[in-house]
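Undergrad:
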Amino acid sequence: MKSPISFAIFIIFLFFLVSSAHPGMQRQYYPCKNLVFYFHDVIYNGQNADNATSAIVGAPQWGNLTILADKFHFGNIAVFDDPITLDNNFHSSPVGRAQGMYFYDTKNTFTAWLGFSFVFNSAQHKGTINFIGADPIMVKSRDISVVGGTGDFFMHRGIATIMTDSFEGDVYFRLRVDIKFYECW
Amino acid sequence: MKSPISFAIFIIFLFFLVSSAHPGMQRQYYPCKNLVFYFHDVIYNGQNADNATSAIVGAPQWGNLTILADKFHFGNIAVFDDPITLDNNFHSSPVGRAQGMYFYDTKNTFTAWLGFSFVFNSAQHKGTINFIGADPIMVKSRDISVVGGTGDFFMHRGIATIMTDSFEGDVYFRLRVDIKFYECW
Amino acid sequence: MKSPISFAIFIIFLFFLVSSAHPGMQRQYYPCKNLVFYFHDVIYNGQNADNATSAIVGAPQWGNLTILADKFHFGNIAVFDDPITLDNNFHSSPVGRAQGMYFYDTKNTFTAWLGFSFVFNSAQHKGTINFIGADPIMVKSRDISVVGGTGDFFMHRGIATIMTDSFEGDVYFRLRVDIKFYECW
């Protein structure tokens with residue numbers, strides 16, 4: 001390194017090095033981690049106690065706790081503990097549990113609000129991922145927020161893209177969840 | 001660039017350049033984006049099914065689903081799909097929907113807890129903003145957390161300052177929401 | 001500063017200076033702030049209206065609003081306004097309130113999901129801390145997400161480690177909450 005010119009080059013090199021020294025900190029518009037899961041919800045209807053993974057626990061005045069209410073289920077709150085699988089087969093071996101609640105919150109279309117966690121305790125993943133967000137069910141693909149995580153997902157943030165992969169009347173639905181973390185730690 | 005001195009100046013210049021190369025990443029105490037909205041809540045009381053935008057869906061043992069409960073409504077959960085407007089006029093054209101829940105959670109004063117989303121799908125804004133936080137209703141101005149966003153509000157975080165702009169008995173209230181994003185992406 | 005060598009040293013020094021110029025922004029795996037609190041929950045059972053700090057407000061079809069339901073309380077939603085203390089004594093002077101909800105969401109073990117805030121308004125702390133996450137109650141120590149804060153906890157994020165410090169049947173429990181902030185602003 002003999003001349004000011006080579007110094008300048010060196011400095012500019014350092015500049016870019018430093019710029020990229022905070023990889024998770026720059027606004028990256030591509031995910032630092034990407035995971036796809038499915039989860040399966042079977043709602044209690046008064047007769048399927050053994051198979052049900054969720055139950056209605058709140059209803060508007062015109063509803064009850066075994067049949068989803070009129071007016072697009074507006075006001076029904078369901079609590080769930082749903083199996084998470086790697087593919088879209090309900091009978092696949094679960095890799096974790098989706099635990100939380102959803103409630104229907106519109107009177108003129110199917111829309112829900114979600115607050116839940118993915119809970120993992122396997123060789124592959126240990127820890128939790130926490131989600132909240134609006135779910136306009138009739139839209140093919142919709143985004144909710146990944147607001148935090150623990151364990152393997154310590155402090156992670158991101159976006160989860162949800163698609164209804166299947167639904168059978170008011171008893172069963174399956175969601176595909178494409179989790180894109182943009183802050184990974 | 002002929003002397004070590006000019007080099008030193010150049011380096012110091014670079015230093016500040018690099019320091020400010022992560023604008024969203026430094027702790028900025030002024031918002032990178034600021035939006036003000038109003039939303040309007042008309043709670044179902046058994047007789048206003050057409051106008052109601054929210055409904056009681058949970059109540060304590062001493063309550064019911066058409067009248068807010070005694071003891072400062074402690075234990076009442078309401079689910080809502082409320083119109084968002086740019087001004088404080090209930091009849092203004094909505095620019096989005098506020099969807100989620102609130103519940104009253106104190107026995108000796110009016111306090112609520114909020115979990116909801118702003119859902120936009122217009123020329124001006126597309127995407128969602130997700131909020132949670134405590135709402136001590138009797139305090140003039142109170143802050144909740146903006147924990148995430150999608151679409152135009154991808155990965156945003158911030159603070160929302162809420163003020164009760166109007167309320168009429170137990171049937172109608174209007175909130176002014178001043179959203180200050182401090183992480184904008 | 002006479003030689004290229006000393007320049008190089010100076011530049012390398014600057015490099016590290018710049019690298020550490022974003023202290024909160026680098027992924028730090030040690031907390032920037034650490035707080036420990038206890039909070040105390042006395043659930044309403046139909047006879048303890050004066051002492052109760054929480055109430056069942058949602059239940060599955062097989063439950064009711066004064067007794068926690070069969071099947072590990074699956075589907076019970078409770079709303080709470082619990083005193084926060086600095087030690088594990090229920091009679092200690094509260095330093096704030098824990099306000100929000102929990103619901104039991106598993107049929108074959110005790111598991112809950114939490115959405116709540118710590119609300120402080122004292123000489124020591126002013127502001128709120130917002131939490132969500134899965135609470136596998138039978139695990140000794142479990143982590144939930146701190147997704148935001150206001151006031152003294154403006155924009156903070158972190159992890160809260162929860163331990164059941166005491167529980168007495170279905171009436172009283174006390175949680176120890178060890179809050180570790182990793183983003184402090």
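Residue numbers (the numbering used here), protein chains in the order written: chain A, 1 to 185; chain B, 1 to 185; chain C, 1 to 185.
Ideal Cβ positions, reconstructed from N, Cα and C, are used throughout, including at glycine.
Remember, predicted model here, so these are calculated numbers, not experimental data.
Does Met155(A) come out as helix, strand or coil in the three-state DSSP assignment?
TA: Met155(A): coil per DSSP, three-state reduction.
Undergrad: Taking the beta strand (DSSP E) that Lys33(A) falls in, what are its first and last residues?
TA: First-last of the beta strand (DSSP E) with Lys33(A): Lys33 to Val42.
Undergrad: Buried or exposed, going by whether 16 or more other CB atoms sit within 10 Å of the CB of Lys107(A)?
TA: Classification of Lys107(A): buried, given that the 10 Å Cβ count is 16 or more.
Undergrad: Between Leu65(A) and chain C, is there a C-beta pair that is closer than 7 Å?
TA: So yes, Leu65(A) belongs to the interface.
Undergrad: Compare the beta carbon distance of Asp105(A) and Val95(B) with 7 Å and say whether it is the shorter of the two.
TA: Cβ distance not < 7 Å, so Asp105(A) and Val95(B) don't count as in contact.
Undergrad: Whole angstroms are fine: how far does the CA of Tyr102(B) sit from the CA of Ser145(B)?
TA: Those two C-alpha atoms are separated by around 14 Å.
Undergrad: If we count the other Cβ atoms within 10 Å of its Cβ and call it buried at 16 or more, is Asp82(C) buried or exposed?
TA: So Asp82(C) ends up on the buried side.
Undergrad: Count the other CB atoms, across all protein chains shown, that sit within 10 Å of the CB of Gln99(A); report buried if there are 16 or more and exposed otherwise.
TA: With 16 or more other Cβ atoms within 10 Å, it is buried.
Undergrad: Three-state secondary structure (DSSP) at Ser92(A)?
TA: If DSSP states are grouped into helix, strand and coil, Ser92(A) belongs with coil.
Undergrad: Ile56(A) CB to nearest chain B CB: under 7 Å?
TA: Cβ-Cβ to chain B under 7 Å: no for Ile56(A).
Undergrad: Give the straight-line distance between the Cα atoms of Asp178(A) and Pro31(A), rounded to the nearest whole angstrom.
TA: Looking at the two C-alpha atoms, the distance is approximately 11 Å.
Undergrad: What does Phe103(A) touch in chain B if you count any residue whose Cβ is under 8 Å from its own?
TA: Simply Val57, Val79 and Met101.
Undergrad: Using a 10 Å radius around the Cβ and a threshold of 16 neighbouring Cβ atoms, would you call Asp50(B) buried or exposed?
TA: Exposed is the call here.
Undergrad: Is the segment 37 to 53 of chain B touching the segment 32 to 44 of chain C, taking contact as three or more C-beta pairs under 8 Å?
TA: Touching, no.
Undergrad: Tell whether a beta-carbon distance below 7 Å holds between Gly58(B) and Gly58(C).
TA: Their beta carbons are under 7 Å apart, which means Gly58(B) touches Gly58(C) by this criterion.
Undergrad: Determine, for Trp113(B), whether the minimum Cβ-Cβ distance to residues of chain C falls below 7 Å.
TA: With 7 Å as the cut-off, Trp113(B) counts as an interface residue toward chain C.
Undergrad: Contact criterion: CB-CB distance below 7 Å. Does Pro83(A) meet it with respect to chain C?
TA: Not an interface residue.
Undergrad: With a CB to CB cut of under 6 Å and the five nearest residues on each side skipped, what residues in its chain are close to Arg176(C)?
TA: Counting only Cβ-Cβ distances below 6 Å, and skipping sequence neighbours, we find Tyr38, Met163 and Asp165.
Undergrad: Under the DSSP definition of a beta bridge, which residues are partnered with Val139(A)?
TA: According to DSSP, Val139(A) bridges with nothing at all.
Undergrad: Please confirm if Asn51(B) has its CB atom under 7 Å from at least one CB of chain A.
TA: No, no contact with chain A.
Undergrad: Are Ile137(C) and Phe118(C) touching if we call contact CB-CB under 7 Å?
TA: No.
Undergrad: Whose C-alpha, out of Trp185(B), Phe72(B) and Asp170(B), is nearest the C-alpha of Asn48(B)?
TA: For the residues Trp185(B), Phe72(B) and Asp170(B), the minimum Cα distance to Asn48(B) belongs to Asp170(B).
Undergrad: Sorted by chain position, which residues of the same chain lie with C-beta nearer than 7 Å to Gly191(C)'s C-beta, five sequence neighbours on each side aside?
TA: Residue coverage of chain C in this structure runs from 1 to 185, which leaves residue 191(C) outside it and unanswerable.
Undergrad: For a contact meaning CB atoms closer than 8 Å, what does Ile144(B) contact in chain A?
TA: The premise fails here: Ile144(B) is roughly 13 Å from chain A at the closest Cβ pair, so nothing lies under 8 Å.
Undergrad: What residue range is occupied by the uninterrupted beta strand (DSSP E) comprising Ala49(C)?
TA: Run containing Ala49(C): none; DSSP gives neither H nor E here.
Undergrad: Does Ser122(C) get closer than 7 Å to chain B when you measure Cβ to Cβ?
TA: False, the Cβ-Cβ gap to chain B never drops below 7 Å.
Undergrad: Check whether the Cβ atoms of Gln134(B) and Thr128(C) sit closer than 7 Å, and answer yes or no.
TA: The amino acid at residue 134(B) is misidentified as Gln; the sequence shows Ala. Yes, Cβ-Cβ distance for Ala134(B) and Thr128(C) is below 7 Å.
Undergrad: To the nearest angstrom, how far is the alpha carbon of Phe173(B) from that of Ala52(B)?
TA: The alpha-carbon atoms of Phe173(B) and Ala52(B) are separated by roughly 12 Å.
Undergrad: So, does the CB of Val147(B) fall closer than 7 Å to a CB anywhere in chain A?
TA: By this cut-off, Val147(B) is an interface position.
Undergrad: Around the C-beta of Glu168(C), are 16 or more other C-beta atoms found within 10 angstroms, so that it is buried, or is it exposed?
TA: The residue is exposed, with fewer than 16 neighbouring Cβ atoms inside 10 Å.
Undergrad: What does the Cβ neighbour count give for Asp143(C), buried or exposed, with the cut at 16 atoms within 10 Å?
TA: Asp143(C) comes out buried.
Undergrad: If you count every other CB in all the chains shown that lies within 10 Å of the CB of Asn130(B), and 16 or more means buried, which is it?
TA: When all chains shown are included, Asn130(B) counts as buried.
Undergrad: Out of Thr85(C), Trp113(C) and Asn89(C), which one is the CA nearest neighbour of Asn76(C)?
TA: Nearest C-alpha to Asn76(C): Trp113(C).
Undergrad: What separation, rounded to the nearest whole angstrom, lies between the Cα atoms of His125(A) and Ser93(A)?
TA: The straight-line gap from Cα to Cα measures roughly 14 Å.
Undergrad: Under 7 Å, Cβ to Cβ, is there at least one residue of chain B near Ser198(C)?
TA: Outside the displayed range of chain C (1 to 185) lies residue 198(C), so it cannot be described from this structure.
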